[in-house]
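Engineer: In our numbering, the protein residues as written are 2 to 172.
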Ligand SMILES: Cc1cc2nc3c(=O)[nH]c(=O)nc-3n(C[C@H](O)[C@H](O)[C@H](O)COP(=O)(O)O)c2cc1C
């Protein structure tokens with residue numbers, strides 16, 4: 002069984018989480034790749050049974066052109082450039098084939114009382130496209146450029162393994 006993990010990352014933190022999720026999926030028997038959003042296909046391959054998307058939370062939700070430009074001004078250097086984020090990719094994504102599951106994650110700054118999550122924005126869009134709604138998860142960074150809080154990569158791996166268990170059980 003295969004998964005596709007599509008990731009947007011300006012400073013590398015969400016990418017590191019995505020790679021840990023891929024490791025966890027693989028430990029759970031589901032193979033997949035972490036693909037930068039700038040290179041992700043707009044049609045998910047038929048063998049993919051789980052689509053996972055992950056991105057940084059910008060201005061309480063999915064990034065926009067302006068927030069990505071802001072990140073670049075602050076030293077961000079996304080794979081493939083800052084023209085396309087999850088918001089734009091999801092807007093162009095083809096509807097789901099029946100039975101394909103989804104899950105979404107984001108990275109956010111751990112500060113009490115800051116609302117908003119890119120993952121929830123992504124999951125809402127995936128549900129509209131017909132993906133079987135899956136869990137969302139936030140992973141925490143210490144500041145705009147990171148680093149990830151200690152233990153988050155382990156948590157990401159465990160989350161990936163849990164996702165693999167869910168899609169295997171659904172078959
Ligand atoms: C323009 C901009 C807006 C941001 N807005 C938020 C926000 O609303 N809430 C939050 O928790 N973090 C916010 N952040 C911090 C990002 O979540 C952080 O940069 C991201 O998790 C790092 O992931 P990356 O290394 O994959 O880019 C913002 C960062 C930028 C650059």
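The beta-carbon is built from N, C-alpha and C at its ideal position, and this holds for glycine as well.
Look at residue 83 and residue 167 and say whether their C-beta atoms are less than 9 Å apart.
Structural biologist: As a working mapping, residue 83 is identified with position 82 in the chain shown. As a working mapping, residue 167 is identified with position 166 in the chain shown. Cβ distance not < 9 Å, so residue 83 and residue 167 don't count as in contact.
Engineer: Could you name the residues of the same chain whose beta carbon sits closer than 8 Å to that of residue 143, not counting the 5 residues immediately before and after it, in chain order?
Structural biologist: In the chain shown, the residue the question calls residue 143 occupies position 142. 110, 111, 149 and 150.
Engineer: Assuming residue 18 and residue 55 form a contact by the criterion Cβ under 8 Å, report the distance between their Cβ atoms to the nearest whole angstrom.
Structural biologist: Along the chain shown, one-based indexing puts residue 18 at 17. Along the chain shown, one-based indexing puts residue 55 at 54. Right, their Cβ atoms sit about 6 Å apart.
Engineer: With H, G and I counted as helix, E and B as strand and the rest as coil, what does DSSP make of residue 32?
Structural biologist: If you number the chain shown from 1, residue 32 lands on position 31. Strand.
Engineer: Measure the C-alpha to C-alpha separation of residue 25 and residue 3 and round it to an integer number of angstroms.
Structural biologist: The residue given as residue 25 occupies position 24 in the chain shown. The residue given as residue 3 occupies position 2 in the chain shown. Each residue's alpha carbon lies about 13 Å from the other.
Engineer: Keeping to the same chain, check which residues put their C-beta closer than 6 Å to that of residue 12; ignore five residues upstream and five downstream.
Structural biologist: Within the chain shown, residue 12 is the residue found at index 11, counting from 1. Counting only Cβ-Cβ distances below 6 Å, and skipping sequence neighbours, we find 77, 146 and 147.
Engineer: Going by C-alpha to C-alpha distance, which of 16, 7 and 9 sits closest to residue 153?
Structural biologist: Position 152 of the chain shown holds residue 153. Selected option, being the one with the closest Cα: 16.
Engineer: Which of helix, strand or coil does DSSP assign to residue 60?
Structural biologist: Walking along the chain shown from the start, residue 60 turns up at place 59. Coil, per DSSP.
Engineer: Distance check for residue 32 and residue 97, CA to CA, integer angstroms please.
Structural biologist: Taking the first residue of the chain shown as 1, we reach residue 97 at position 96. Taking the first residue of the chain shown as 1, we reach residue 32 at position 31. Those two C-alpha atoms are separated by around 19 Å.
Engineer: Please go through the same chain and pick out, in chain order, the residues whose beta-carbon is closer than 6 Å to the beta-carbon of residue 59, but skip the five residues on each side of it.
Structural biologist: Within the chain shown, numbered from 1, the residue matching residue 59 stands at position 58. Contacts found: 68.
Engineer: From which residue to which residue does the beta strand (DSSP E) around residue 70 run?
Structural biologist: Within the chain shown, the letter at position 69 stands for residue 70. Counting along the chain, residue 70 falls outside any beta strand (DSSP E), though it belongs to the alpha helix (DSSP H) covering 66-74.
Engineer: I need the DSSP call for residue 169, collapsed to helix, strand or coil.
Structural biologist: Counting from one through the chain shown, the residue named residue 169 turns up at place 168. Here residue 169 sits in helix by DSSP.
Engineer: Out of 104, 124 and 156, state which residue places its alpha-carbon closest to the alpha-carbon of residue 164.
Structural biologist: The residue labelled residue 164 in the question sits at position 163 within the chain shown. Selected option, being the one with the closest Cα: 104.
Engineer: Would you kindly report the start and end of the unbroken beta strand (DSSP E) that includes residue 104?
Structural biologist: Residue mapping note: residue 104 aligns to position 103 of the chain shown, counting from 1. Residues 102-110.
Engineer: Using the three-state DSSP reduction, which class does residue 94 fall into: helix, strand or coil?
Structural biologist: Reading the chain shown from its first residue, position 93 is the one you call residue 94. Reduced to three states, the DSSP call for residue 94 is coil.
Engineer: Taking DSSP as the reference, what is the three-state secondary structure of residue 18?
Structural biologist: Numbered from its first residue, the chain shown carries residue 18 at position 17. It is helical.
Engineer: Short of 8 Å in beta carbon distance, which residues of its chain neighbour residue 28, apart from the five on each side in sequence? Order them along the chain.
Structural biologist: Translated into the one-based positions of the chain shown, residue 28 becomes position 27. Cβ within range, chain order: 158, 161, 162 and 165.
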